[in-house]
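If you use my numbering, the sequence shown corresponds to residues 114 to 439, in order. Backbone N, C-alpha and C define an ideal beta-carbon position, used for all residues, glycine too. Nothing here was measured: the structure is a model prediction, and the numbers come from that model. Okay, so here's the structure we're looking at.
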Amino acid sequence: MKENKKFSIQNVTKIFSQRVLLSKEEFKAVDDVTLEISLDPPEIFGLVGESGSGKSTLANIILQIIYPEVGKIYLNSKNIADFEITEFMKHIQPIFQDPFDSFDPMKKTDLFIYETIKNFNIAKEKSSIESLINESLKNVGLDYKTVKGKYPHEFSGGQLQRIAVARALVVHPLLLVADEPVSMLDASLRISIVNLFKELKEKHNLSVLYITHDLSTAYYISDRIGVMLRGNLVEIGNAKEILDEPLHPYTQFLKESVLEPDPTKKKITLEESEEQRMTVISEYQQKGCKFVNRCPKATDICKEKEPGYYSIKDRKVKCFLYENFK
């Protein structure tokens, strides 16, 4: 039987310190995270949660921008730490939040793709390079003639994000790590980028780790999702099933953040208020469940002990409510 290719994160923990008044407090920004993303067949895995939940920290660990204190990450059974950096970047490519920050405003935009091809020794002849540039731009709905010789300020944010994706595609990666890739774009442009990721999966067999605090786009684009809370994954499974019928109280809370059509009902935002920021360190450090201070279903055991993972309805839930569920 053919073994499925996958990207595997195993028991990864990252510890940061933060000064609070006169003392320095340590907290686990990523806390014992384990998940797998299928590469063959490809999938779009959505990682959702509030700002400050550890999503971007996990992305930076995956990209080897920072390194975990504990845990390992494997690409098709090989530890990513054992890859040469160029070899690793051929397989894993980033798409960042702000497309304007991804480009030097003083450099012609097509040079970013040109230099990527040269740096990865994909082609040497100018004609071959230009052919590859045109091919990659066509894959994102653009063409070389439209892009060639122009500077970043001559494009919209949506066009620049497409060019950033085209640059990533020239190395034929297995996985895109897209960290809030549409949050800086106008609402009218977001769906075009989201649809692009779906098309890349379906037509080019490319997996995507889609990191977002926008549950609407996560619901639309993702095959599976992981819900992140203060460094922990608290619910993992099929995206539609989780967001249609969330089991963890935190996931239920997040679902309420989707715009409510009734103006008399309270809106909840995933962007943290100042009051919420004041609770961040305590939630990271508290002994039991990290949602216990906000959870309407919390019991004494939630304050005393961290819950394990329980399997229910083809998903994993980190909550004592499902400890004895059969």
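Residue i vs residue j beta-carbon contact at 8 angstroms
{"i": "Glu-293", "j": "Thr-325", "result": "yes"}
{"i": "Thr-229", "j": "Val-284", "result": "yes"}
{"i": "Thr-170", "j": "Lys-237", "result": "no"}
{"i": "Phe-233", "j": "Phe-225", "result": "no"}
{"i": "Phe-433", "j": "Cys-415", "result": "yes"}
{"i": "Gly-162", "j": "Lys-221", "result": "no"}
{"i": "Ser-335", "j": "Ser-151", "result": "no"}
{"i": "Arg-303", "j": "Val-290", "result": "no"}
{"i": "Ile-122", "j": "Ile-186", "result": "yes"}
{"i": "Ile-425", "j": "Leu-360", "result": "yes"}
{"i": "Leu-160", "j": "Gly-339", "result": "yes"}
DSSP bridge partner residues for residue i (one or two, in chain order)
{"i": "Tyr-363", "result": "According to DSSP, which records beta bridges pairwise, Tyr-363 is partnered with nothing at all."}
{"i": "Asp-292", "result": "Ile-324"}
{"i": "Ser-241", "result": "Answer is none; Ser-241 lacks a bridge partner."}
{"i": "Val-146", "result": "Val-125"}
{"i": "Leu-188", "result": "Phe-120, Lys-191"}
{"i": "Lys-418", "result": "BP columns for Lys-418 are empty, so no partner."}
Closest residue to residue i among the options (Cα-Cα distance)
{"i": "Pro-409", "options": "Ile-425, Tyr-422, Phe-438, Gln-365", "result": "Gln-365"}
{"i": "Leu-288", "options": "Lys-416, Ser-166, Phe-310, Ser-249", "result": "Phe-310"}
{"i": "Val-405", "options": "Lys-203, Val-347, Pro-181, Glu-315", "result": "Val-347"}
{"i": "Tyr-323", "options": "Ile-157, Ala-142, Phe-120", "result": "Ile-157"}
{"i": "Ile-198", "options": "Asn-189, Ile-178, Ile-208, Thr-222", "result": "Ile-178"}
{"i": "Glu-149", "options": "Val-143, Glu-182, Ser-190, Glu-436", "result": "Ser-190"}
{"i": "Arg-428", "options": "Ile-355, Ala-411, Lys-368", "result": "Ile-355"}
{"i": "Thr-412", "options": "Ile-425, Ser-424, Pro-362", "result": "Pro-362"}
{"i": "Leu-313", "options": "Lys-426, Leu-282, Val-260", "result": "Leu-282"}
Residue i versus residue j: straight-line alpha-carbon distance, rounded
{"i": "Ala-279", "j": "Lys-418", "result": "47 angstroms"}
{"i": "Ser-370", "j": "Leu-328", "result": "8 angstroms"}
{"i": "Asn-351", "j": "Arg-337", "result": "4 angstroms"}
{"i": "Arg-275", "j": "Tyr-422", "result": "38 angstroms"}
{"i": "Pro-218", "j": "Val-146", "result": "37 angstroms"}
{"i": "Glu-315", "j": "Phe-140", "result": "39 angstroms"}
{"i": "Lys-118", "j": "Met-202", "result": "17 angstroms"}
{"i": "Leu-176", "j": "Met-297", "result": "21 angstroms"}
{"i": "Leu-255", "j": "His-204", "result": "23 angstroms"}
{"i": "Ile-174", "j": "Arg-343", "result": "16 angstroms"}
{"i": "Ile-193", "j": "Pro-181", "result": "12 angstroms"}
{"i": "His-500", "j": "Val-253", "result": "Examination of residue 500 is not possible in this model, given that the chain is present from 114 through 439 alone."}
{"i": "Asn-247", "j": "Leu-273", "result": "15 angstroms"}
{"i": "Gly-167", "j": "Ser-240", "result": "44 angstroms"}
{"i": "Glu-231", "j": "Ile-242", "result": "For the sequence presented, residue 231 should be read as Lys rather than Glu. Distance between the alpha carbons of Lys-231 and Ile-242 is about 8 angstroms."}
{"i": "Tyr-257", "j": "Val-125", "result": "41 angstroms"}
{"i": "Gln-210", "j": "Asp-144", "result": "24 angstroms"}
{"i": "Phe-268", "j": "Gly-184", "result": "41 angstroms"}
{"i": "Ser-244", "j": "Arg-132", "result": "52 angstroms"}
{"i": "Tyr-306", "j": "Lys-137", "result": "According to the sequence provided, residue 306 is Ile. The question's Tyr does not apply to it. Taking the straight line joining both Cα atoms gives about 41 angstroms."}
Assigned exposure category for residue i - 16 Cβ within 10 Å defines buried
{"i": "Pro-374", "result": "With a pLDDT of 44 at Pro-374, under the threshold of 50, the modelled position of this residue cannot be trusted, and the question is left open."}
{"i": "Asp-223", "result": "buried"}
{"i": "Lys-487", "result": "In the structure displayed, the chain extends from 114 to 439; residue 487 sits before or after that span and is not available."}
{"i": "Phe-213", "result": "exposed"}
{"i": "Leu-135", "result": "exposed"}
{"i": "Asp-195", "result": "exposed"}
{"i": "Phe-120", "result": "buried"}
{"i": "Lys-431", "result": "buried"}
{"i": "Pro-155", "result": "buried"}
{"i": "Lys-403", "result": "buried"}
{"i": "Tyr-435", "result": "buried"}
{"i": "Tyr-264", "result": "exposed"}
{"i": "Ala-300", "result": "exposed"}
{"i": "Ser-130", "result": "exposed"}
Neighbour flag for residue i against chain B, beta carbons, 8 angstroms
{"i": "Lys-400", "result": "The structure shown contains no chain B; it is built from a single protein chain."}
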